[in-house]
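Residue 0 is where the sequence shown starts when you use numbering that gives the first Met the number 0, and the numbers rise one by one after that.
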Amino acid sequence: MADDHGDTAGSTAAGKDVEKHGAPAHSAGTAVVASDEVPNPGFLPHRPRVTDLDPKVDKQQERRVSLLFALSIVGSILAVVAYFAFPIEPGNMQSVRNNTLFLGLGITLGLLGIGIGAVHWSKALMQGHDLVEQRHSTRGSEETRAKAIEVFTLGNKDSGFGRRTLLRNTLIGALVVTPLPAVVLFRDLAPADDPVGLLKHTFWEEGMRLTRDPSGTPIKASDLTIGSAFQVIPEGLNDSEHRIEEKAKAAVLLVRLKPEDLQVSEGREDWNYDGIVAYSKICTHVGCPVALYEQQTHHLLCPCHQSQFDIKREAAVIFGPAKRPLPQLPITVDSEGYLIAKSDFEEPVGPSFWERQL
């Protein structure tokens, strides 16, 4: 195509060449006067600090930073000691206050010591000159790696990390000791006893009566009609020192069906009494209470994640994320007609866990 001057040479490149034009001419009335550019002020003159001029002050500031790092180490150790020296006693709020106070003071001292020490180090001892880092493309070339080594070398030289051994050692010590309180606290989140044993055994014992929740009234077999459901706890649970913890494992739902509706597997023929069955209320998915009973279908529903269990088929899972049936409590009656447990649950209650043997 031709340009404004009648040159047609550009057309021979089949549209691939780009035409170049000079700056457009403006009339005197439409020209814009460019504003004056702000000159680059540059850096202010470097003002040496006292530590730069006096070696004694430099050494004094180094000791101060090291002292802060040492205080961080002491604070972290004190936090661990306070955790064991002021244990939390159940029912004693003063022990909770003491544990929280001294543990918090130790952790605070540990974190503040290392934080203030690092800031004071950068302000008082590291090189304080201004610099400009030019932006450049990053590539994994030998030149780039050499430049990175140079940057680290200069950083080590400016900070004095390599030659200030007292600072370096106290900083490393503070960094190593500071996480110790967190390790102690997180370890205490795990149960002190074997969780497998804790879940395999509940408050139920042989001959223990089934009682209403929460009154603790014993239940006779004649109290249940077909289709009825009772919330049940073991006899004496309300008087237990750890009532809430024990109830979380021993809570039971008692249901009466027609004996001919029950599908009983081999070995469980005597686990029910005249159509009365007892199953753990603790869902085998994540431990929610399963207490929604559908009388017509004989299904139990977990309200949390909608797992459903069929009471007629030994609480087998028929829907939802639960992976195993609700544990069944073997029951019978005593000489007075009260429902009693024949034994504890024969499998762990609650959510499935990897230690369980199938």
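We put the CB at the ideal spot given by N, CA and C, even for glycine.
Because the structure is a prediction, the values reported are computed rather than measured.
- Only exposed fits residue 38, as fewer than 16 other CB atoms lie within 10 angstroms of its CB.
- Taking 8 Å as the cut-off, the beta carbon of residue 116 is found no closer than this to the beta carbon of residue 85.
- Under the 8 Å Cβ criterion, the segment 156-174 counts as touching the segment 118-130, having at least three qualifying pairs.
- In the three-state reduction of the DSSP assignment, residue 224 falls in the coil class, being assigned neither a helical nor a strand state.
- Here the C-alpha atom of residue 143 lies approximately 34 Å from the C-alpha atom of residue 50.
- Within the segment 262-347, the runs of beta strand (DSSP E) that reach at least 3 residues and sit entirely inside it are, in chain order, 275-279, 291-293, 298-300, 307-309, 315-318, 330-332, 338-340.
- Residue pairing by DSSP places residue 219 opposite 337 in a beta bridge.
- The beta-carbon distance between residue 272 and residue 252, rounded to whole angstroms, is 15 Å. This is too long to meet the 8 Å contact definition.
- Taking a cut-off of 8 Å for Cβ pairs, the segment 91-99 and the segment 60-80 do not touch, as fewer than three such pairs fall below it.
- One alpha carbon belongs to residue 113, the other to residue 166, and they sit about 11 Å apart.
- In the displayed model, residue 126 falls within coil according to three-state DSSP, outside both helix and strand.
- Note that the segment 178-185 does not touch the segment 296-306; fewer than 3 beta-carbon pairs, one per stretch, sit closer than 8 Å.
- The C-beta of residue 103 has fewer than 16 other C-beta atoms within 10 Å across all chains shown, which makes the residue exposed.
- When secondary structure is reduced to three states using DSSP, residue 38 falls in the coil class, being assigned neither helix nor strand.
- Per the DSSP secondary-structure output, residue 210 pairs in a beta bridge with 217, 232.
- For residue 144, the uninterrupted alpha helix (DSSP H) segment begins and ends at 141-158.
- Taking 8 Å as the upper bound for CB-CB distance, residue 250 and residue 281 are in contact here, some 7 Å apart.
- Only residues of its own chain outside the window of five on either side were considered, and among them 225, 274 have a CB closer than 7 Å to the CB of residue 257, listed in chain order.
- Distances from the alpha-carbon of residue 173 to those of 97, 207, 72 put 72 closest.
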